[in-house]
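First up is the structure itself, then whatever we jot down about it.
There are 2 protein chains.
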Amino acid sequence: MIRKRDIKALTKIVGVENIYSDKAHRLAYSYDATRTRYEPDLVIFPRDESDISAILSYCNQNGISVTPRGAGSGFTGGSLPAEGGIVLAMEKHMNRILEIDTENMVAVVQPAVINMELQRAVEEVGLFYPPDPASEEYSTIGGNVSENAGGMRAAKYGITKDYVMALRAVRANGDIIQAGKRTIKDVAGYNIAGILTASEGTLAILSEITLKLIPKPKYKRSYMGIFPNVESAMSAVFKSLAKGANPVAMEFLDALVIEALIEKLGVNLPKDAGGILIGDVDGNVPEEIEFQLETLRGSFFENGAVEFRVAEGDEESKELWFARRNASQSITIYGNKKLNEDISVPRSRLPEALKMIYEIGDRYNFKIPCFGHAGDGNIHVNVMIDISQIESGHRAIEEIFKGVVEMGGTLSGEHGIGTSKAPFMDIAFSEEELRLFRDIKRAFDPNNILNPSKMGF
Amino acid sequence: MIRKRDIKALTKIVGVENIYSDKAHRLAYSYDATRTRYEPDLVIFPRDESDISAILSYCNQNGISVTPRGAGSGFTGGSLPAEGGIVLAMEKHMNRILEIDTENMVAVVQPAVINMELQRAVEEVGLFYPPDPASEEYSTIGGNVSENAGGMRAAKYGITKDYVMALRAVRANGDIIQAGKRTIKDVAGYNIAGILTASEGTLAILSEITLKLIPKPKYKRSYMGIFPNVESAMSAVFKSLAKGANPVAMEFLDALVIEALIEKLGVNLPKDAGGILIGDVDGNVPEEIEFQLETLRGSFFENGAVEFRVAEGDEESKELWFARRNASQSITIYGNKKLNEDISVPRSRLPEALKMIYEIGDRYNFKIPCFGHAGDGNIHVNVMIDISQIESGHRAIEEIFKGVVEMGGTLSGEHGIGTSKAPFMDIAFSEEELRLFRDIKRAFDPNNILNPSKMGF
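Note that the protein sequences, when read in sequence, are chains H and V. Residue numbering for the first sequence follows this note's numbering, beginning at -1 and increasing consecutively. Residue numbering for the second sequence follows this note's numbering, beginning at -1 and increasing consecutively.
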């Protein structure tokens, strides 16, 4: 519990205008996209890294929990103060792009910079920041790094961790760490930036992030492949990639999603389509675009596609993408509550993973529309239930997780573990692996003040 | 010290044919490419992961040091048993490619597989493993991962860590860990594979490595740019890349190296050349090759190049590359001992980094020929001395390190820290950062049995 003298000491650090314990603030910082609520005792807006250091140093000595927060848009509770204490809200003061270094193709940002704000700023100078989580319009880079956010462009360009060059971070004891450098190669010391990425704020609090940028490709075109069933679409995914196709994105919609899009939004898709792949290809020269489209077209038809569409111009591209962009909202026709998971399997296991998911759905009598980032093996699985079915919904999800792990897959492709998936950690990890996680957590944060109750800690 | 009963216990684990304490074995496993020698007490050839687990479990309980060893080709002493104990030599039994999964584009290998053996095997099925350290013909994948080896193709394709998807490893206490999966995305649990990569065998012993592969590009051509001085060549590096050039490699030779190549090997290069850039470009279509070459040509001439050569066919390509491949042996004309360092700076700082290095050389009256991977900011700095000058040679290197770190660079781009660079760790890292490294080391290996005396532990 926070005592009066804690508030006094913390107020001395950040100033009275940056610390709040009133009900309105505690409510406003109690939620995220999971819709679960945990009220913090205090909301603090640190002004800079040295504020964070002083706050953590005090909290570490006094056993006060600290949960960092960007936009609160996470899907697994990463930014929720599950044990109360302090929410360290970065949005107010630590939201600036500090530098765009065009010579080295690097951006340096504070943790609360919005992903899309960074994308726009670097594109203005001809550069490109590929990671594009669906939350790109509001999620923060600090949150993206903490959860190792993915996105549609991961098929070609990888995920957030592939762009983290360096981090500044504050340990639980207040120590300020510079991890990594603005160099492509660096093998001096342990890869601290590597382990902080995806650690969900449980090991240290990020204060500054240095990201790799790349030149913006000159040409881009959108494609859509229409398949008679899920199996043929899923086979086309890994077979076209193994043939040398390297699309920016390769997004999947299943038959249930297609049906919902037609029914709810009147989207122009064949009623009997069993699976669709949508994406972009890009390149420096038009011939590379042609090469990519031909490789996809050939491989899609070999795997049973009934149609291959290519967008002429931006308007047609938007039309093709309309289906994918509205997948999530269209499937509400199947139930008033959505249990949304994001499994990931080796791409060649996608056909059997989908088969298993539908079988589980049939057994429980749930519709489970699936869509997402097939090009990297990451599928968003939506168990649609009525709120009264929540318990059997969770049982269905547990079965899905078990099957996915047996196929060499993972509990989460891009959403993280947080509080939502913490109960499933022992499905995915052995006793020895969980022990190592605990040992690492203890090394960074011996008093367990940093974002407690996440990832099972 | 190893006691008789230790040998007895360890023999029981691996069998008498896999454990040696005779002088010949102790000598044979006492060296690496640093030419420093440390004799182990025992050489053990583990047959598999469970041997490693049993050995470590015993050594952990009995305080016996264990140093893993692949080919012993490292430049910083990573595989040297600096405190005696056991050398765990992987070469005899743990040297197999276990799987090449063409559907998911993944290879699974044991740690002692030779880098080039893997490259050849995957190219046979149309795939590509890009990391190509200069030691590729004899260094092992286990060593490459432990030191996070780079190579020439890092400019476009990144370094070893960019290809590590998953690791199996054994902790000091014998716990066997599976870190990572055969999936592109995975955000469940801490990034253990990330921190084990480049940890030089100080945190765990690798037993199996899963690597990402990519489709082999269809077209490739070699280029050479000739510049009047080092500054113009170094400016051309970062300016051409920022313009969208994305060469596979962009290797640099300085004036001293060029002089040596002409004098010692009669290489066909202009005598007054002050700097040379050599590399390849690749792509799926010929037009991409043209785009890359035109971008380089334009940018090189803008930055003062006097000549731009493009190889027609394999023979000419080999000729262009002959200069780069023989750089290392040619510079022996400048001294009988070479202090070989591999600094790395942000690419835009390359011109001033080189300037500083030559100034230090002038001050000490040493020739310091430089060459290497300019495309990723990583330069091999060769302080050529007579053996009697070893002390001032080391002082010169310390000055170089200090200057490089001030420019935002690192002690090592690809060779690692090991024993050679351990004395310089406090130039590169703060007290807080070193404390974090120690805390992590202790979490993984509380009794400090794994490769002690490396990285300053």
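Where is the CB? At the ideal position from N, CA and C, for every residue including glycine.
Legend entry - Exposure of H/I388, with buried meaning 16 or more beta-carbon neighbours within 10 Å: exposed
Inset, instruction - Starting from the Cα of H/Y217, find the closest Cα among H/P284, H/A132, H/D252 and give me that residue. - result: H/P284
Inset, instruction - Taking 8 angstroms as the threshold, find out whether the stretch 315 to 331 of chain V comes into contact with the stretch 205 to 214 of chain V through three or more Cβ pairs. - result: no
Inset, instruction - Drop a sphere of 10 angstroms on the beta-carbon of V/G311, count the other beta-carbons inside from all chains shown, and report buried for 16 or more, exposed for fewer. - result: exposed
Inset, instruction - On a CA-only basis, which of H/Y36, H/E135, H/I366, H/G272 is nearest H/I331? Give me that one, please. - result: H/I366
Inset, instruction - Excluding the 5 residues preceding and the 5 following V/K452 in the sequence, name in chain order all residues of the same chain whose CB lies nearer than 6 angstroms to its CB. - result: E198, T200, G416
Legend entry - Endpoints, the alpha helix (DSSP H) within which V/T65 is located: Segment 64 to 67 is the beta strand (DSSP E) holding V/T65; no alpha helix (DSSP H) there.
Legend entry - Identified DSSP bridge partners for V/P487: Within the shown structure, residues of chain V are numbered from -1 to 455, placing residue 487 of chain V beyond reach of any answer.
Legend entry - Residue burial classification, H/I193 (beta-carbon count within 10 angstroms, cutoff 16): buried
Inset, instruction - Could you run through the stretch 282 to 297 of chain H and flag, in chain order, every residue whose CB is less than 9 angstroms away from some CB of chain V? - result: N282, V283, P284, E285, E286, E288, F289, Q290, T293
Inset, instruction - Report the partner residues of H/M382 according to the DSSP bridge assignment. - result: H/K336, H/K365
Inset, instruction - Would you identify the three-state DSSP class for H/I84, choosing helix, strand or coil? - result: strand
Inset, instruction - Name, please, each residue of chain H whose Cβ falls closer than 9 angstroms to the Cβ of V/N146. - result: K183, D184, V185, N189
Legend entry - Three-state class that DSSP yields for V/A167 in the structure shown: strand
Legend entry - Neighbourhood of H/H23 by C-beta distance below 6 angstroms, restricted to the same chain and skipping five residues each side: V41
Inset, instruction - Answer yes or no: does any C-beta atom of chain V fall closer than 8 angstroms to that of H/R151? - result: no
Legend entry - Where the stretch 338 to 349 of chain H meets chain V: residues whose CB sits under 8 angstroms from a CB there: S342, V343, P344, R345, S346
Legend entry - Top-ranked residue by Cα proximity to V/P421, from V/F442, V/L434, V/E404, V/F399: V/F399
Inset, instruction - Answer yes or no: does any C-beta atom of chain H fall closer than 8 angstroms to that of V/F320? - result: no
Inset, instruction - Measure the Cβ-Cβ separation of H/P131 and H/N113 and say whether it is below 8 angstroms. - result: yes
Legend entry - Spatially closest choice to H/A271 from H/M382, H/E229, H/E286, by CA coordinates: H/E229
Inset, instruction - Taking H/L275 and H/A351 to be in contact with their CB atoms under 8 angstroms, please state how far apart those CB atoms are, rounded to whole angstroms. - result: Incorrect: roughly 16 angstroms between the Cβ atoms, too far for contact.
Inset, instruction - Can you grab the Cα-Cα spacing for the pair V/I260 / V/K336, in whole Å? - result: 20 angstroms
Inset, instruction - Could you tell me whether any Cβ in chain V is nearer than 8 angstroms to the Cβ of H/K179? - result: yes
Inset, instruction - For chain V, find out if any of its Cβ atoms is closer than 8 angstroms to the Cβ of H/P213; answer yes or no. - result: yes
Legend entry - Cβ-Cβ distance between V/F364 and V/G391 below 8 angstroms: yes
Inset, instruction - For V/Q176, go through chain H and note every residue whose CB falls closer than 8 angstroms to its CB, in chain order. - result: S428, E431
Inset, instruction - Give the interface partners of V/A240 over in chain H, defined as CB-CB distance under 9 angstroms, in chain order. - result: T100, E101, N102, M103, G124, L125, P213
Legend entry - 8 angstroms CB neighbourhood of H/F306 in its chain, flanking five on each side removed: Y221, M222, G223, I224, L294, R295, F298, F299
Inset, instruction - Report yes or no: do the stretch 141 to 155 of chain H and the stretch 11 to 31 of chain H share at least 3 C-beta pairs separated by less than 8 angstroms? - result: no
Legend entry - Own chain residues within Cβ distance below 7 angstroms of H/Y136, not counting five before or after: A69, S71, I112
Inset, instruction - Please classify V/E134: is it buried, with 16 or more other beta-carbons within 10 angstroms of its beta-carbon, or exposed? - result: buried
Inset, instruction - Indicate the three-state DSSP secondary structure (helix, strand or coil) for H/S418 in the structure shown. - result: coil
Legend entry - CB contact below 8 angstroms: H/S55 versus chain V: no
Legend entry - Cα-Cα separation between V/A309 and V/W319, rounded to whole angstroms: 10 angstroms
Legend entry - Cβ-based neighbour list, H/I190, same chain, cut-off 6 angstroms, excluding 5 preceding and 5 following: A177
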